[in-house]
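This report concerns only the one structure given below.
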Ligand SMILES: Nc1ncnc2c1ncn2[C@@H]1O[C@H](COP(=O)(O)OP(=O)(O)OP(=O)(O)O)[C@@H](O)[C@H]1O
Ligand SMILES: Nc1ncnc2c1ncn2[C@@H]1O[C@H](COP(=O)(O)OP(=O)(O)OP(=O)(O)O)[C@@H](O)[C@H]1O
Ligand SMILES: [Mg+2]
Ligand SMILES: [Mg+2]
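Residue numbers (our numbering), protein chains in the order written: chain A, 2 to 190; chain B, 211 to 493; chain C, 7 to 569.
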């Protein structure tokens, strides 16, 4: 008698919360939290510091789905803030923004798959869109008092952060995907 | 790479509180502070924060860097805001300001108001940071999962939190190994490329192996969890959490504080208050 | 109870979803309560897959095509849920660092029962029992991050015990464990079996696994069962080159001519015993990592032309010792010099050109898209003359026996098998043409044949003057090194040629090391002369040669003695 498996591959159901999802989410968050302190100041700009590790948020979202992406961004950023001393919730709205980016990357990654057959290009595009949309959430800084008005919120927070993270994600996420895909194949999962 | 915040507050008054209290208190306090600009109220809040922080008995040497970082970052926020707004403040027009002097070149007015604003920002963020740190140092590693679970976070994600903290030290160690391995191949993280792009791509030899290995290694972790029935039903937690009287009182106090401040802020009494001395100084 | 089989595998054939062909074929076996079954076989023959079929991961977590049937306590695994199976079958995986999910010892032990929704009070009771059973009471309250390799493995086992299964499947639990820790784990498994549990264990370190006194051995090759029966029968059929058998067995097999006696190559780097200048010198080196004093005053000189093996308990500081030598860790007191230059004031990359370092887990340095890029990364960083990259890459791969893999240059390094990654890591270390090689646990996680071949290839590398290696495999150390360093609690407690070091039995045992049949035979044999020990094959040949003075065995014996 033949019995092929009853368990679907993770990612088949984008919103399914399997053990796999939880473990990947935890790894993503821990990695992002740990590596976040590597940062590169872009010369010439006042306050654009690129966090290479941010690419992990979009990568985990893209490779393992919106839930993993959201957890990676949200919890990872909180931990980064915690380790840096800024405080778990001091900039909770930024953590949420990070989470949204991870989530959106996962969603776009799935829905744009048909229009963009090339995986690496898809990864770059999905990340870019997710960053531009997800980080709109930091406008809440006006209410939280970190920014005085919309002008400041956009010029001091939104634009610098999306520029920095676009640079990081558009370059590094495809590279990570390119490294991961063949390994996933050989692991056969 | 030793990044794991250790349980240094062990045995302190705060560490004996219910871990949920620390999380809830932080949330309540953050939402209290962000409503306040009035230096007098902020002074009170800062004092509360100081007491709260002391009660965690975190050795300063362990968090020195963190405090420097916070100070640096607040300064950054203040300066950027002052410059970008051209020294103007919400609810104030240029002529209402009591100007000390104007910045050369930019001509941005430095006024009693903007100084007050700056002081307020410092008070706000320093007290929030003071409330944040104990989370890392005064909660036992094993309590994180149950704490979030009992706060209503779905148990799988609550466990995800605990797992995250479990992974931090080992991933830190892996990172160190990879850094060492690449240094032996003539790679130095410090020796970065010139262009931003170059700098970025130079992180690939570090980030890629650590990430891919972590994911590959996860297979065993996933198997080990599946094999012990994770996620097959609502789980119990070995750690039983219970608020004692002190916990309830503290919680009550913070709820009250938030309530009072919220009322004040809606009646517009938490806005920027400029100390007369400063106004006089401006003349 | 009248024991029907606890586990019944019946004509099992399984193909992984992405795999091209079945990796286990038509396997049938039964495991009864109280039985201990040792599964042996070369890498990739399907041992782990068989275990996965027993504990339900196949097909519940690994999708694929399954034929035949696996019954646990009479029920088909395909018709049980994973959690139901896990209440009968407990599993211990190879790498304890990965299967431990709790941040503290308690939370790790509680993990299983918590998932089963057991009440905290009951969990605590059970925890107390299990901690007593496994003798890990002293670990209570510790963070799992700070446990040693041996402690981790015991904790992982205790975690499996918490669900009180009746059958245990254990996959290569001894890799990376020092012999004493290994014995503790095996004793525990034995006690479980005596208490009526069933144990199925996969292990490459067969001789140590024999401490379990297995009731049966199941030998596998290419996915099929080639032998299933009592241990002594296994000894008669097993290939001594593929499986590490106790020395007396090897001797008998050679006597009986049951094995084509292979020529014994000298496994040692060419020696110049007289006046060997220093390559690495440790001068009263102290190292502290975190709060922990890892090295406490190491004084030693490693020569330019010698093969040194470093033995010692888990956590004794072996890896740290060599990381210090490479300038990756700064000593807080004392100094290290390489070829007379102070390490502290020498760039790490400079050191890497005279000493190649192969890490314990090879994959931690692999990042490039292709093996080619991976190999050229080092030389490029150091601005070496590369010329035609392929030529250089091919040459490096040839030296480690990887060159003839199909289109190896363009394969993603991370998709190579563990053994191949190990060789690639070696090739990377050799790309800078070092004269000395440091190997951290070269044999861990590989089968006997692969490990031995690896060491032989290393010995044959042209231009290589010395090899220093860390290992937990006593025989590997004794037969491949002509000098043994034993490290304990961050101090060197023994140093000298094999024969002299092992004489101090007390010290030997205090360092979590054990006697092996091969070691005893070498000592009993007068030919040792304080030089390097002979491997089982060579020693057997030598002994036989002496029994039959006029046979080709003699020359072989001599060759091996002289080598
Ligand atoms: N998830 C998977 N998908 C596809 N193929 C796999 C998977 N896991 C293992 N294989 C392949 O199945 C074969 C048997 O693997 P298995 O791990 O059972 O061998 P093993 O005897 O345990 O080897 P080792 O002694 O190295 O652990 C190998 O060729 C391996 O590449
Ligand atoms: N970065 C670090 N911070 C704190 N402790 C560390 C660090 N690295 C290693 N250690 C500890 O130092 C001790 C020695 O580590 P090392 O890896 O040298 O031991 P080892 O002899 O190689 O052990 P094994 O045989 O298990 O590989 C261990 O107890 C380890 O936990
Ligand atoms: Mg295996
Ligand atoms: Mg080691």
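Glycine residues also receive a C-beta, built at the ideal position from the N, C-alpha and C atoms.
8 Å Cβ cutoff met for residue i and residue j
| i | j | result |
| --- | --- | --- |
| residue 365 (chain C) | residue 315 (chain C) | no |
| residue 418 (chain B) | residue 373 (chain C) | yes |
| residue 288 (chain C) | residue 444 (chain C) | no |
| residue 138 (chain A) | residue 127 (chain A) | no |
| residue 165 (chain A) | residue 51 (chain A) | yes |
| residue 36 (chain C) | residue 64 (chain C) | no |
| residue 39 (chain C) | residue 202 (chain C) | yes |
Proximal residues of chain B, C-beta to C-beta of residue i below 8 Å
| i | result |
| --- | --- |
| residue 157 (chain A) | 290, 291 and 294 |
| residue 25 (chain A) | 425 and 428 |
| residue 20 (chain A) | 432, 435, 436, 440 and 441 |
| residue 60 (chain C) | The contacting residues do not exist; residue 60 (chain C) stays about 11 Å from chain B at best. |
| residue 91 (chain A) | 240, 335, 338, 339 and 342 |
| residue 101 (chain C) | 427 and 430 |
| residue 53 (chain C) | In chain order: nothing, as chain B lies at least about 15 Å away. |
Per-residue contacts from residue i into chain B (C-beta, under 9 Å)
| i | result |
| --- | --- |
| residue 22 (chain C) | Those do not exist, as residue 22 (chain C) stays about 13 Å from chain B at its closest Cβ, beyond 9 Å. |
Start-to-end residues for the alpha helix (DSSP H) that takes in residue i
| i | result |
| --- | --- |
| residue 66 (chain C) | 63–66 |
| residue 488 (chain C) | From DSSP, residue 488 (chain C) is part of no alpha helix (DSSP H); its letter is neither H nor E. |
| residue 378 (chain B) | 365–393 |
| residue 439 (chain C) | That residue, residue 439 (chain C), is in no alpha helix (DSSP H); it is neither H nor E in DSSP. |
| residue 242 (chain C) | 237–243 |
Simplified DSSP assignment, three categories, for residue i
| i | result |
| --- | --- |
| residue 447 (chain C) | coil |
| residue 210 (chain C) | coil |
| residue 538 (chain C) | coil |
| residue 225 (chain C) | strand |
| residue 185 (chain C) | helix |
| residue 308 (chain B) | coil |
| residue 319 (chain B) | strand |
| residue 465 (chain B) | helix |
| residue 397 (chain B) | coil |
| residue 74 (chain C) | strand |
| residue 14 (chain C) | strand |
| residue 272 (chain C) | Model confidence at residue 272 (chain C) stands at a pLDDT of 44, short of 50, so the residue's coordinates are unreliable; what they give is reported in the following sentence. Note: residue 272 (chain C) maps to coil in three-state DSSP. |
| residue 302 (chain B) | coil |
| residue 394 (chain C) | coil |
| residue 569 (chain C) | In this prediction, residue 569 (chain C) scores a pLDDT of 39, lower than 50, which makes its location untrustworthy; the coordinate-derived value is nonetheless stated afterwards. Three-state DSSP puts residue 569 (chain C) in coil, outside helix and strand. |
| residue 129 (chain A) | helix |
| residue 278 (chain C) | Any reading at residue 278 (chain C) is ruled out, since the residue's pLDDT is 45, under 50, leaving its predicted position unreliable. |
| residue 159 (chain A) | helix |
| residue 75 (chain A) | helix |
From the options, residue whose alpha carbon lies closest to that of residue i
| i | options | result |
| --- | --- | --- |
| residue 181 (chain C) | C:210, C:95 and C:69 | C:210 |
| residue 101 (chain C) | C:172, C:84, C:522 and C:155 | C:155 |
| residue 480 (chain C) | C:153, C:362, C:174 and C:184 | C:184 |
| residue 250 (chain B) | B:329, B:275, B:294 and B:219 | B:329 |
| residue 451 (chain B) | B:413, B:358, B:467 and B:222 | B:358 |
| residue 94 (chain C) | C:522, C:11, C:140 and C:434 | C:11 |
| residue 227 (chain C) | C:83, C:46 and C:548 | C:46 |
| residue 239 (chain C) | C:334, C:253, C:230 and C:224 | C:224 |
Chain-ordered chain C contacts of residue i [CB-CB under 9 Å]
| i | result |
| --- | --- |
| residue 415 (chain B) | 371, 373, 374 and 383 |
Endpoints, beta strand (DSSP E) assigned at residue i
| i | result |
| --- | --- |
| residue 515 (chain C) | Run containing residue 515 (chain C): none in the beta strand (DSSP E); it sits in the alpha helix (DSSP H), 511–516. |
| residue 35 (chain C) | 30–37 |
| residue 116 (chain C) | No beta strand (DSSP E) holds residue 116 (chain C); the alpha helix (DSSP H) holding it covers 111–121. |
| residue 299 (chain C) | 298–309 |
| residue 108 (chain A) | Here residue 108 (chain A) belongs to no beta strand (DSSP E); instead the alpha helix (DSSP H) covers 93–112. |
| residue 317 (chain C) | 313–317 |
| residue 288 (chain B) | Unbroken run through residue 288 (chain B) is the alpha helix (DSSP H), 270–294; no beta strand (DSSP E). |
Cross-chain neighbours of residue i in chain C, by beta carbon under 7 Å
| i | result |
| --- | --- |
| residue 17 (chain A) | Under the 7 Å cutoff, chain C gives no residues; its nearest Cβ is about 14 Å from residue 17 (chain A). |
| residue 187 (chain A) | 421 |
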